[in-house]
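Here is the structure we will look at, set down as structure tokens.
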Amino acid sequence: MIPRPPPFAEPVYVARPLLPSLEQYSQRLAAVWESGWLTNGGAQHRALEQELSAYLGCPHLSLFNNGTIALIVACQALRLRGEVITTPFTFPATPHVLQWNGITPVFADVDPDTMTIDPAAIEPLVNGQTSAILGVHVYGTPCEVDAIDAIAQKSALKVVYDGAHAFGATISGKPIGAFGDATMFSFHATKLFHTAEGGALAVRDAQLKERVDLLKNFGILDENRVALPGINGKMSELSAAMGIEVLRIVERERSERARVAAIYAKRLGAHEGIVAMRPPEKVRDSLQYFVVRVDARSLGSTRDALHDRLRDFNIVTRKYFQPLCSEYDCYKHLPSAQPSRLPVATRIAREVLCLPFYGSLGDDDVHRICDAIDFCVSRPARAGPGAPK
Ligand code: T4K
-11 MIPRPPPFAE PVYVARPLLP SLEQYSQRLA AVWESGWLTN GGAQHRALEQ
39 ELSAYLGCPH LSLFNNGTIA LIVACQALRL RGEVITTPFT FPATPHVLQW
89 NGITPVFADV DPDTMTIDPA AIEPLVNGQT SAILGVHVYG TPCEVDAIDA
139 IAQKSALKVV YDGAHAFGAT ISGKPIGAFG DATMFSFHAT KLFHTAEGGA
189 LAVRDAQLKE RVDLLKNFGI LDENRVALPG INGKMSELSA AMGIEVLRIV
239 ERERSERARV AAIYAKRLGA HEGIVAMRPP EKVRDSLQYF VVRVDARSLG
289 STRDALHDRL RDFNIVTRKY FQPLCSEYDC YKHLPSAQPS RLPVATRIAR
339 EVLCLPFYGS LGDDDVHRIC DAIDFCVSRP ARAGPGAPK
């Protein structure tokens, strides 16, 4: 019998922001104060855009006030319309940006291993209305970029990637932002690299970046001319200053997260019914989330039961991404949203669980989380939907 471990005194969340030293940040803010320049492409913004372009290996990178607006602007910059084929297994922002552009999202099923959009499911959905494919590198695991590219070429479609989770990922050494026409990154506080709120768009060439930069600043060309119906997507100097300081410590955070991941992998490997998601060998992990899949039959406990019981220990896991976007009230009427057409996504949404994952978790904390998991799964599952038969 496994003894009941004590609960954490404070909630242990799925994510915590990576905070630079307050002193370093204050020093940078002092320079901002001194300059009297708070937004509209100031010195911090210019410096961060340049540093991130180099770090991410994306020469045509544009900073934004958040990832969602960056993706909305990507659709505008690429003149997308009609229908766009995307995944239901993602955060609401992904299909919402299509809707905000008057585009109908068309949901394609996902691959059972990578959980990214399945190229084989995309092809039958392409029709005369389709203007693009919007893939999501979910949890930082890259989409099947070559297969998607081949489909896009065949039907003259644009390719946009939601790389909200994919900061710093590479495929065979090639930066994740180098694929497709545009890739969005989110710099929300819960991301490995963040600017409190923020994001970026990496695009394929300098001309497209010019259009993106115009669109994110109301379409203003100069004092006398407005070229396009743009939006306000600008990152402030306060956020950019945060980003510069966070970038200084991001590699250290990556090593800390790798340490945490190694403990989880070793401890959880003892459970046949808990499978940790690992990126394919050719991929540099973005280390954004630590995700497990719960096989209720072999574990004897459902994902939901594990999620709920861990709360008793003050461990706050998340079911990213259940419900599927195709199940939302605003999308469930779409023909492509019918669960019978999305069997893989429907199944995996019931299996995934994101565990607390950030560098300031000590070894002891991670072991305590694993002790709590061991304890929870050693007890019979609660009855309920999806309980093992
Ligand atoms: N596409 C994808 C695939 C995405 O995942 C996202 C965002 C987007 C697009 C849109 O990008 P942005 O426009 O946001 O740049 C969180 C994030 O807010 C969201 O950015 C992220 N994806 C999503 C996966 O996670 P929630 O609703 O789960 O956040 P919340 O407030 O529940 O926070 C999660 C945990 O983090 C909390 O339990 C506690 C901790 N936390 C949170 C905040 C804000 C902190 O410790 N400190 C904090 O300041 O969406």
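First residue of the sequence shown? That's -11 in our numbering, and the numbers climb one at a time after it. C-beta atoms are modelled at their ideal positions from N, C-alpha and C, and glycine is treated no differently. These numbers were taken from a predicted model, which means no experiment stands behind them.
What whole-angstrom Cβ distance do residue i and residue j have, given they're in contact under 8 Å?
i, j, result
"H48", "V191", "5 Å"
"G218", "L203", "4 Å"
"S289", "R4", "Rounded, the Cβ-Cβ distance is 27 Å, inconsistent with contact."
"F309", "T129", "With a Cβ gap of about 13 Å, F309 and T129 do not count as contacting."
"E241", "L145", "Actually they are not in contact, since the Cβ atoms of E241 and L145 sit about 36 Å apart, beyond 8 Å."
"G29", "F173", "Contact doesn't hold; Cβ gap of about 19 Å is too wide."
Any heavy atom of the ligand T4K within a distance shorter than 7 Å of the CB on residue i?
i, result
"F405", "Not covered by the structure: residue 405. The range shown for the chain is -11 to 377."
"N115", "no"
"S274", "no"
"N54", "yes"
"S174", "yes"
"T82", "yes"
"T78", "yes"
"G187", "yes"
"T171", "no"
"A451", "Because the chain here runs from -11 to 377, residue 451 falls outside it and cannot be looked at."
"A96", "no"
"P5", "yes"
"R306", "yes"
"D283", "no"
"A379", "An answer regarding residue 379 cannot be provided, because it is not within the stretch -11 to 377 covered by the chain."
"D150", "yes"
Pull up the distance between the alpha-carbon of residue i and that of residue j, whole angstroms please.
i, j, result
"F278", "C358", "13 Å"
"D137", "A(-3)", "49 Å"
"L51", "A229", "13 Å"
"P376", "T75", "Low confidence applies here, because P376 scores a pLDDT of 41, under 50, leaving its location unreliable and the question unanswered by this model."
"S243", "D273", "11 Å"
"I60", "N89", "7 Å"
"P327", "I91", "21 Å"
"S324", "F167", "26 Å"
"H259", "L287", "7 Å"
"D201", "R299", "44 Å"
"S224", "A42", "20 Å"
"T171", "E233", "23 Å"
"C313", "R329", "14 Å"
List the endpoints of the continuous beta strand (DSSP E) containing residue i.
i, result
"C342", "340 to 343"
"M172", "170 to 174"
"L122", "118 to 124"
"F95", "92 to 95"
"A190", "187 to 191"
"V50", "The residue asked about is misnamed: residue 50 is Ser in this sequence, not Val. Start and end: 49 to 52."
"I219", "That residue, I219, is in no beta strand (DSSP E); it is neither H nor E in DSSP."
"K146", "146 to 150"
Considering just the uninterrupted stretch of the alpha helix (DSSP H) at residue i, what are its terminal residues?
i, result
"E71", "No alpha helix (DSSP H) contains E71, which is instead part of the beta strand (DSSP E) from 71 to 74."
"P130", "Per DSSP, P130 belongs to no alpha helix (DSSP H) and is neither H nor E."
"R281", "Element bounds for R281: not the alpha helix (DSSP H) but the beta strand (DSSP E), 278 to 282."
"F363", "351 to 365"
"I378", "This structure cannot speak to residue 378, because the chain is shown only from -11 to 377."
"V61", "55 to 65"
Could you tell me if residue i is buried or exposed, where buried requires 16 or more neighbouring beta carbons within 10 angstroms of its beta carbon?
i, result
"G372", "For G372, the predicted model reports a pLDDT of 45, less than 50, meaning its position is unreliable; a value from the coordinates is still stated below. Exposed, by the Cβ-count rule."
"G374", "Low confidence applies here, because G374 scores a pLDDT of 42, under 50, leaving its location unreliable and the question unanswered by this model."
"V214", "exposed"
"N115", "exposed"
"C257", "It is Gly, not Cys, that sits at residue 257 in the sequence shown. That one is exposed."
"L294", "buried"
"P331", "exposed"
"Q15", "exposed"
"C318", "exposed"
"G24", "exposed"
"I164", "buried"
Say yes only if the C-beta of residue i is nearer than 7 Å to one or more non-hydrogen atoms of the ligand FMN, and no if none qualify.
i, result
"T183", "As far as ligands go, the structure on display features the ligand T4K and does not contain the ligand FMN."
Any C-beta of chain C sitting closer than 8 Å to the C-beta of residue i?
i, result
"Q38", "Chain labels in this structure do not include chain C; a single protein chain is all it has."
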